[in-house]
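Please read the structure below before turning to the comments.
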Amino acid sequence: MKNDIRKIVLVGTGFVGMSFAYALLNQTACDELVLIDIDTRRAEGEAMDLNHGVAFSGSHMKIYAGTYSDCKDADIVAICAGVAQKPGETRIDLLQRNTAVFRSVVGPVVDSGFGGIFLIATNPVDIMAHVTQKLSGFDPRRVIGSGTTLDSARLRYLLGSYLRTDPRNVHAYVMGEHGDSEFVPWSQAMVGTKPVLKIVEESPEKFSLDDLQNISEEVKNAAQKIIAAKKSTYYGIGMSMVRIAKAIFGDENSILTVSTLLNGEYGESDVYIGVPCFVNREGVAGILEVSLTEKELEKFKLSATVLKDAFGGIRFEE
Ligand code: NAD
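Residue 105 in numbering that gives the first Met the number 0 sits at position 106 of the sequence shown; the count goes up by one each step and never skips.
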């Protein structure tokens, strides 16, 4: 019989990791879920707690606390391990601390014989995805950062409210770093098939470019605002990760703004950054290169430079 068990190993059972796990269970998005944390008791407790909800879910998910040897036959290893962002701390500040954490995670995962896809959420996520690719030596298509998927979801939600449209019919992306240098390419934002800029131009009594600018600022500052209010953000990113996992398992070729390694796209190379990508069973199957205006391309290049500088500052020797 063909073994088509969808298996995920989750490393880091903190707020983000467990929001991902809880959303996986509620959306029946995998068949086997292994929890790993440096705090092994925590992973065991989380597995027990989740298992007690299985009877109420539509799923037969097998959930247990495991070890890195469990990665051998996993389809996805999701890494949410690390140190959460403190109020006022930038994502880049987290870099060096989380690189040390990743050294202790990626090595054992690769040693297990893992041949699947890495899905990274730990911040600064673009750089941590690049670190994972470098430490693992994997084909970059099989190392995916959550990138700006959450930011794009925030944008679609806010734009949907502003334009009184179902967010699912708002096609708009946040591109670049998941962080301060991210930006919204408004030239590419659509409601249905109509450009948002055209809608704004046609109804100056209702809409304005200033409001659009405020929306992109609100998206950019959302994480800091939530952190100031409740210390960390987790539900939205957990659901973004499930969306990516579903695109992988379903071989969907869905377009998601994940973080991937560029190889000449937008005139950039050797940088992990959030861009619209086709995601399927192979990981990032391709990049949808959208037509940015000159100003948007400038913002993109600025963001790429921020990421390249930060990645270049990491010391990889033990
Ligand atoms: P958390 O502190 O609740 O959880 C982190 C977990 O990692 C803890 O359980 C800890 O024990 C574990 N851990 C630490 N070192 C480890 C190691 N060496 N091996 C295994 N496990 C280890 O933090 P959180 O709120 O869950 O956030 C996790 C990460 O997700 C942070 O980097 C945060 O900034 C990031 N995040 C990303 C996004 C995004 O859009 N990509 C959104 C929100 C948060």
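Backbone N, C-alpha and C define an ideal beta-carbon position, used for all residues, glycine too.
task: Please name the residue in S135, Y63, F55 whose C-alpha comes closest to that of T39.
output: Y63
Cβ shell of G285 (< 8 angstroms), same chain only, five flanking positions each side left out: C276, F277
Range covered by the beta strand (DSSP E) that runs through Y271: Counting along the chain, the unbroken beta strand (DSSP E) around Y271 starts and ends at 268-273.
- prompt: For H129, which three-state DSSP category applies?
  reply: helix
message: Check for me: the beta strand (DSSP E) holding I75 runs from which residue to which?
response: 75-78
field: Secondary structure of N122, DSSP reduced to three states
entry: coil
- request: Flag D209 as yes when its Cβ comes closer than 7 angstroms to any non-hydrogen atom of the ligand NAD, and as no otherwise.
  value: no
task: Evaluate contact between the region 238-253 and the region 95-107, counting only Cβ atoms and requiring at least three cross-stretch pairs below 8 angstroms.
output: no
- prompt: Which residues share a DSSP beta bridge with F182?
  reply: Residue pairing of F182 in beta bridges, as defined by DSSP: M174.
message: Using only the alpha-carbon positions, how far apart do I348 and G191 sit?
response: Residue 348 lies beyond the residue range present for the chain, which begins at 0 and ends at 317; the question has no answer from this structure.
field: Span of the beta strand (DSSP E) around L24
entry: That residue, L24, is in no beta strand (DSSP E); its alpha helix (DSSP H) goes 14-25.
query: A309 to F299, Cα distance in whole Å?
result: 16 angstroms
Cβ pair I119, S145 closer than 8 angstroms: yes
field: Given 8 angstroms, three or more beta-carbon pairs between the region 63-81 and the region 33-51
entry: yes
message: Which residues does DSSP list as the beta-bridge partners of S258?
response: G144, G273
query: When the distance is taken between beta carbons, is S111 closer than 8 angstroms to S68?
result: yes
field: Own chain, CB closer than 7 angstroms to E217, minus 5 neighbours either side, in chain order
entry: L157
- request: Assign L291 to one of three DSSP states: helix, strand, or coil.
  value: coil
- prompt: Excluding five sequence neighbours on each side, which residues of the same chain lie with their C-beta closer than 6 angstroms to the C-beta of L149?
  reply: G235, I236, S239
message: Can you tell me whether P203 is helix, strand or coil according to DSSP?
response: Shown here, P203 sits in coil according to DSSP, grouped into three states, outside any helix or strand.
task: Look up V82 in the DSSP assignment and say whether it is helix, strand or coil.
output: Three-state DSSP puts V82 in coil, outside helix and strand.
Cα-Cα separation, P194 to H59: 43 angstroms
- request: Measure the beta-carbon distance from V283 to P184 and round it to whole angstroms, keeping in mind my assumption that it falls under 8 angstroms.
  value: The pair is not a contact, with the Cβ atoms about 19 angstroms apart (cut-off 8 angstroms).
query: Cα-Cα, which of Q187, T131, L261 is closest to A77?
result: T131
- request: Spell out the partners DSSP gives K193 in its beta bridges.
  value: V190
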